[in-house]
Every structure is written in structure tokens, then in C-alpha cells.
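Asker: Quick one: structure below, then a few questions.
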Amino acid sequence: MTGTEDAGAPAPAPGGRAAQLERTGLRPGWTTGACATAAATAAYTALLTGRFPDPVTITLPRGETPAFALATEELRPAEGRAAAGVVKDAGDDPDVTHGALVRATVRLLPPGSGVVFRAGPGVGTVTRPGLPLAVGEPAVNPVPRRMMGDHIAEVAARHGGSGDVEIELSVDHGEEIARSTWNPRLGILGGLSILGTTGVVVPYSCSAWIDSIRRGIDVARAAGRTHVAGCTGSTSERTAVAEHGLPEDALLDMGDFAGAVLKYLRRHPVPRLTIAGGFAKLSKLAAGHLDLHSGRSRVDKGFLADLARRGGADEELAAAVAGANTGLEALQRCAARGVPLGDLVAEAARGTALGVLRGEPVTVDVLCIDRAGRVVGRAAPAGPSRARSPEH
């Protein structure tokens with residue numbers, strides 16, 4: 018995943034983003050795109066005026082005007098170059114880029130050159146098609162590019178510059194940090210991406226994970242993949258690879274976000290989808306839940322008991338399933354009596370998936386696994402279906 022930066026968060030609830038976050042008790046933070054914009058704005062201002070604004074205030078896409086303290090400053094007017102750095106504060110979000118030093122080096126260019134972006138140390142370069150940037154471009158997403166361009170233009174208008182500059186962005190230790198993100202799988206090599214659509218990191222919004230799922234599908238489609246796998250974790254991913262021999266760029270780190278995979282595939286179909294995950298998580302999908310996180314959905318033992326009955330369980334076994342402590346216990350009890358609860362869960366999960374896909378040309382199969390990666394239930398490829406999507 019790419020950290021949990023806001024890369025497409027929903028609009029704030031009534032009362033505004035600040036009120037929404039105040040109710041959660043969590044402190045918001047700033048995206049790498051906002052930090053890069055602040056650093057670039059400070060550096061260009063110093064080039065034109067001889068002084069760095071510190072703190073430097075920028076305007077975000079939704080109108081917020083945060084101020085950023087500068088961590089580094091370097092002014093070389095004779096070389097037409099200035100650089101500034103901002104330490105990223107992700108607030109209370111568990112973002113892998115929290116505390117990273119985002120640097121912008123701004124160089125003057127001849128009039129008419131516009132704003133040109135370069136990837137410095139720790140910022141990745143796009144090497145595969147399917148992303149919103151061309152192959153060979155620095156991994157600076159469209160909204161941060163626009164933010165920086167707008168702020169460069171404002172500084173130029175205020176202080177008599179042409180607005181023609183090269184902005185080289187870098188992140189200290191960015192290449193190392195990027196190994197914990199989706200970037201290598203997406204074909205973004207050499208470091209991190211400069212991200213954000215609002216400039217604000219919403220704690221635990223998980224919007225960047227969902228955005229990474231979407232970009233993973235885009236990359237798979239651009240590579241001509243006809244079969245992708247949405248996996249809840251590394252164990253299920255290994256099982257999917259062993260079953261189907263899929264290449265890395267066909268693997269989607271779905272995590273708990275089954276709905277994100279299915280809804281994006283509904284708009285951008287791939288001919289075949291394998292859903293692979295632990296039995297308990299996929300039992301939630303089978304019951305109609307699209308968010309499989311333990312804090313937002315639970316294993317429904319009553320639902321499992323009903324499935325067991327359909328598979329031939331008597332009332333004694335059904336009652337034992339309903340009263341089981343865990344989904345695994347329910348599975349084991351059924352296995353001991355020859356009731357294929359794993360297959361029944363896989364088939365029901367496939368039915369939920371086909372319902373969300375709403376008849377789009379995507380064939381779905383499902384693999385339920387245990388913690389050791391053994392397949393404990395499967396549903397053969399089927400679809401499309403016009404089944405109604407669950408309301409989740």
C-alpha cells in the first residue's frame with residue numbers, strides 16, 4: 018500500500034472536515050503533495066525575493082490554508098536555484114511517510130518553459146502504463162502538480178517572476194520507505210509518489226489503499242492482463258499464485274476492501290477475477306459485507322449455520338456452528354461431519370461479488386484458505402450475473 022494519504026477521500030460530513038475530525042478525536046495531517054507544494058513555494062519565493070517565508074502558507078484545493086515550518090533552506094541566486102524542505106506530519110494516521118523530509122529544489126528556466134517536474138532522490142519514476150502519468154514521468158500525481166503550478170504562478174505574479182521553473186522533488190530515505198508501499202508492484206521505481214487530492218491526510222480513511230487498488234487494476238489492464246486476483250493478505254496471495262500462476266502486476270492487495278475491488282472492476286472490467294482470502298473474512302463477503310475489517314463487520318455464525326443446513330447439516334451440527342467461538346471452529350466442526358462449509362462460503366462470496374458487478378463481463382472464482390494457506394473452500398469460475406448489489 019502507499020501509506021494512508023488522502024488520495025481521493027469522500028467529501029466531509031455535514032459540519033465540515035474539521036468538525037468531522039473533531040468528533041473522532043483524531044488529528045489530521047498533510048499529504049506529500051501539500052508538503053511538496055509548501056517547499057516549492059518557499060524555494061521560488063526565496064529565488065525572487067532573497068528570503069524564505071517561514072512558515073510558508075499555501076492554499077489547498079478545498080480552501081484550507083495551512084502553514085508549514087521549513088526544515089531546510091538553501092539559496093544559490095547566482096546559480097538560479099533555491100531549495101527548501103518540509104517534514105511531513107501525517108497527524109494521527111499510521112502513514113508510512115510520516116516524518117519524512119520532503120524537499121523541493123526550484124531552478125529558473127527560460128521564459129516559455131512552463132513548470133517542469135523532475136524526480137530527485139527518493140521520488141519514483143513511472144515505468145509501466147496504466148497510471149495517470151506517462152511512462153518516464155516522475156511520480157508526482159496530477160493534483161499536486163496543479164497545486165505547485167498554481168502556487169508558482171501566484172508567487173511569480175506577486176514578485177515579478179516569469180513562472181518558468183524546474184521543480185525537482187526528493188524525499189529523504191524515500192526509496193527505502195517505498196518498499197513498504199505498492200509502488201514497486203505498480204511499476205513506480207526509485208522511491209515514493211507525491212500524492213494527494215485534497216492535501217489533507219484523514220486519519221484511518223484508508224483512501225490511499227483504495228486508490229492503490231484502483232491503480233493496480235489500471236496497471237493490470239494496461240499490461241493486457243485478463244485475470245487478476247484480489248487477495249486479503251500475503252498468504253492468500255501466495256495461494257492465488259500457486260493456483261493460477263499469475264504475474265505480480267495481476268495481484269491486487271485487496272486487504273479488507275473487497276468492495277473497492279468489485280466496484281472499480283464494475284467500471285473497468287477485467288475478464289476474470291479470483292478472490293482469495295481467509296475463511297472468516299470471506300464468510301463476511303458471503304454474508305453481503307463489502308468491508309471485511311473486524312471493526313466494521315463480524316463473522317455471522319447464524320448465517321454460517323444456515324449455510325451448513327443447506328449443505329446437509331442436521332440441527333445439532335447447525336446449533337454447534339451457530340454457537341462456535343470462531344469461524345474456524347465452525348469450519349472444523351463441519352469438516353468433521355462431511356459438510357462442505359468452505360465451499361458453501363466460497364459460493365456465497367462469489368454470489369455477492371457477482372451482485373456488485375451487476376452483470377459486467379467479469380468471471381469470478383473464489384478461494385477460501387486457512388492460516389497455513391491451504392484451500393478449505395472454492396467456488397469455480399462463474400458469471401456474469403444481473404444479481405442485485407447488496408446495500409453496503
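Just so you know, we're using the numbering used here here: the sequence shown kicks off at 18 and counts up by one. Heads up, the beta-carbon is just placed ideally off N, CA and C, and yes, glycines get one too. Note that this is a predicted model, so its numbers are computed, not measured.
In terms of DSSP beta bridges, what is Cys248 paired with?
Answerer: Cys248 is bridged by DSSP to Asp270, Ala293.
Asker: Exposed or buried, Glu193, counting other C-beta atoms within 10 Å across all chains shown (16 or more means buried)?
Answerer: exposed
Asker: Excluding the 5 residues preceding and the 5 following Val338 in the sequence, name in chain order all residues of the same chain whose CB lies nearer than 8 Å to its CB.
Answerer: Lys318, Leu321, Ala322, Ala325, Ala330, Ala347, Arg350, Cys351, Leu358
Asker: Relative to the alpha-carbon of Gly166, which residue among Val218, Ser253, Tyr61, Phe69 has its alpha-carbon at the smallest distance?
Answerer: Tyr61
Asker: Thinking Cys248 and Leu269 are a contact (beta carbons under 8 Å), I'd like their distance in whole angstroms, please.
Answerer: 7 Å
Asker: Note down, in chain order, each residue of its chain lying with its Cβ closer than 6 Å to the Cβ of Arg44, except the 5 sequence neighbours on either side.
Answerer: Counting only Cβ-Cβ distances below 6 Å, and skipping sequence neighbours, we find Gly108, Asp109.
Asker: What is the rounded straight-line gap between the Cα of Pro161 and the Cα of Pro398?
Answerer: Going by the C-alpha atoms only, they are around 41 Å apart.
Asker: Gly67 by DSSP, collapsed to three states: which one?
Answerer: coil
Asker: Would DSSP call Gly153 helix, strand or coil?
Answerer: coil
Asker: Please classify Gly207: does DSSP put it in a helix, a strand, or coil?
Answerer: Reduced to three states, the DSSP call for Gly207 is coil.
Asker: Compute the beta-carbon to beta-carbon distance between Cys385 and Leu307, rounded to the nearest angstrom, for a pair I have assumed lies under 8 Å.
Answerer: Rounded, the Cβ-Cβ distance is 17 Å, inconsistent with contact.
Asker: State the DSSP-derived secondary structure class of Cys52, mapped to helix, strand or coil.
Answerer: Note: Cys52 maps to helix in three-state DSSP.
Asker: Scan the stretch 95-162 and note each continuous beta strand (DSSP E) run of 3 residues or more that stays entirely inside, going in chain order.
Answerer: Secondary structure remark: continuous beta strand (DSSP E) runs of at least 3 residues inside the stretch 95-162, in chain order: 98-104, 118-125, 132-136.
Asker: With 16 as the cutoff for other CB atoms within 10 Å, does Asn342 come out buried or exposed?
Answerer: exposed
Asker: Using 8 Å as the cut-off, can you tell me whether the stretch 220-235 makes contact with the stretch 163-183, which would need three or more C-beta pairs spanning the two stretches below that distance?
Answerer: no
Asker: So for Trp47, helix, strand or coil by DSSP?
Answerer: strand
Asker: Per the contact definition of three or more C-beta pairs closer than 8 Å, is the stretch 180-197 in contact with the stretch 112-123?
Answerer: yes
Asker: Might you give, ordered along the chain, the residues of its own chain that have their beta carbon closer than 6 Å to the beta carbon of Glu90, omitting 5 neighbours on each side?
Answerer: Correct list, in chain order: Phe69, Ala101.
Asker: Which same chain residues end up closer than 8 Å to Arg289 when comparing Cβ atoms and leaving out the 5 residues on each side of it in sequence?
Answerer: Thr243, His244, Val245, Val379, Thr380, Val381, Asp382, Pro398
Asker: Let me know if Val133 comes out buried or exposed under the rule of 16 or more other beta-carbons within 10 Å of its beta-carbon.
Answerer: Flag for Val133 reads exposed.
Asker: Could you tell me the distance, in whole angstroms, from the CA atom of Arg238 to the CA atom of His261?
Answerer: 18 Å
Asker: What do you reckon, are the CB atoms on Thr252 and Gly390 nearer than 8 Å?
Answerer: yes
Asker: Helix, strand or coil, according to DSSP, for Ala84 in the structure here?
Answerer: strand
Asker: Can you grab the Cα-Cα spacing for the pair Thr41 / Ala353, in whole Å?
Answerer: Note that Thr41 scores a pLDDT of 44, beneath 50, so its modelled location is shaky; the value from the coordinates is reported in the next line. CA-CA distance, Thr41 to Ala353, rounds to 45 Å.
Asker: Using the C-alpha atoms, what's the distance from Phe274 back to Gly180?
Answerer: 42 Å
Asker: Around the C-beta of Ala170, are 16 or more other C-beta atoms found within 10 angstroms, so that it is buried, or is it exposed?
Answerer: exposed
Asker: Can you name, in chain order, every residue of its own chain whose Cβ lies under 6 Å from the Cβ of Gly328, other than the five neighbours on each side?
Answerer: Val356, Pro357, Leu361
Asker: Hey, out of Val217, Glu265, Ser314, whose CA is closest to Gly80's CA?
Answerer: Val217
Asker: Can you list, in chain order, the residues of its chain whose CB lies under 6 Å from that of Ala240, leaving out five sequence neighbours each side?
Answerer: Answer for Ala240: Asp266, listed in chain order.
Asker: Is the CB-CB distance between Thr66 and His168 below 8 Å?
Answerer: no
Asker: Report all residues from its chain with a CB closer than 7 Å to the CB of Ser130; omit the five preceding and five following residues, and keep chain order.
Answerer: Asp181
Asker: Between Leu64, Leu125, Thr49, Thr74, which has its C-alpha nearest Asp106's C-alpha?
Answerer: Thr49
Asker: Do you know whose CA, among Glu364, Asp387, Pro401, lies nearest Arg375's CA?
Answerer: Cα-wise, what sits closest to Arg375 is Pro401.
Asker: Who are the near neighbours of Asp387 in its chain, counting only those whose CB is closer than 6 Å to its CB and skipping five residues on each side?
Answerer: Val393
Asker: On the criterion of 16 or more Cβ atoms from any shown chain inside 10 Å, does Ala303 qualify as buried, or is it exposed?
Answerer: buried
Asker: Can you give me the start and stop residues for the alpha helix (DSSP H) that Ile230 sits inside?
Answerer: 224-239
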